[in-house]
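Chemist:
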Amino acid sequence: MQSPPLDPAVADLAPSDPALTPYDQEHLITYLRLLNADAEGADWCHVVRMVLHIDPDQDADRARRAFDSHLARAQWMTAVGYRHLLGVGR
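If you're matching positions, the sequence shown starts at 20 in this note's numbering and goes up one per residue.
#1: Which value, in whole angstroms, describes the spacing of the CA atoms of residue 29 and residue 64?
#2: Checking 8 angstroms against the spacing of the C-beta atoms, do residue 70 and residue 52 come in under that value?
#3: Please identify the residue among 98, 92, 105 whose C-alpha is closest to the C-alpha of residue 35.
#4: To which residues of the same chain is residue 50 closer than 6 angstroms at the C-beta, ignoring the five residues directly before and after it?
#5: Candidates 31, 21, 38, 22: which alpha carbon is nearest residue 102's?
#6: Near residue 40, what residues of its chain come up, given a Cβ to Cβ distance below 7 angstroms and the 5 sequence neighbours on each side ignored?
#7: Which runs of the alpha helix (DSSP H), 4 residues or longer, sit entirely within the segment 44-104?
#8: Reducing DSSP to helix, strand and coil, say where residue 41 ends up.
#9: From residue 26 to residue 48, what distance separates their C-alpha atoms?
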């Protein structure tokens with residue numbers, strides 16, 4: 020697997036597939052940044068601006084949906100998705 024880009028563009032919603040997607044592979048660093056921010060208790064508005072590049076002042080609903088879906092996918096990666104990266108369970 021190639022190294023993921025450091026700061027790829029994000030979709031309005033992260034995938035919800037039961038398997039790892041190309042989007043997930045491209046956004047591994049994004050997911051790590053979200054998990055770190057969440058662990059530190061960072062304000063979601065700041066995180067969505069810095070990590071997802073969405074202005075919550077311009078479109079609060081879109082920003083919140085993007086943040087929630089990407090954080091949920093990041094958490095899924097720590098519980099399930101990482102197994103696909105390791106080839107476990109194939």
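We put the beta carbon where it would ideally sit given N, CA and C, even for glycine.
Bear in mind that the values here come from a model prediction, so they are computed numbers and not experimental data.
Modeler: Answer, in terms of the structure:
#1: Our two residues, residue 29 and residue 64, have alpha carbons roughly 16 angstroms apart in a direct line.
#2: The Cβ atoms of residue 70 and residue 52 lie closer than 8 angstroms to each other.
#3: When only C-alpha atoms are compared, the closest one is 92.
#4: In its chain, beyond the 5 residues on either side, 93, 96 have a beta carbon closer than 6 angstroms to the beta carbon of residue 50.
#5: It is 38.
#6: Closer than 7 angstroms at the Cβ level, and outside the excluded window around residue 40, lie 34.
#7: Taking only runs of at least 4 residues, the alpha helix (DSSP H) segments lying wholly in the segment 44-104 are 47-58, 63-69, 79-95.
#8: The DSSP-derived three-state label of residue 41 is helix.
#9: Approximately 8 angstroms between the Cα atoms of the pair.
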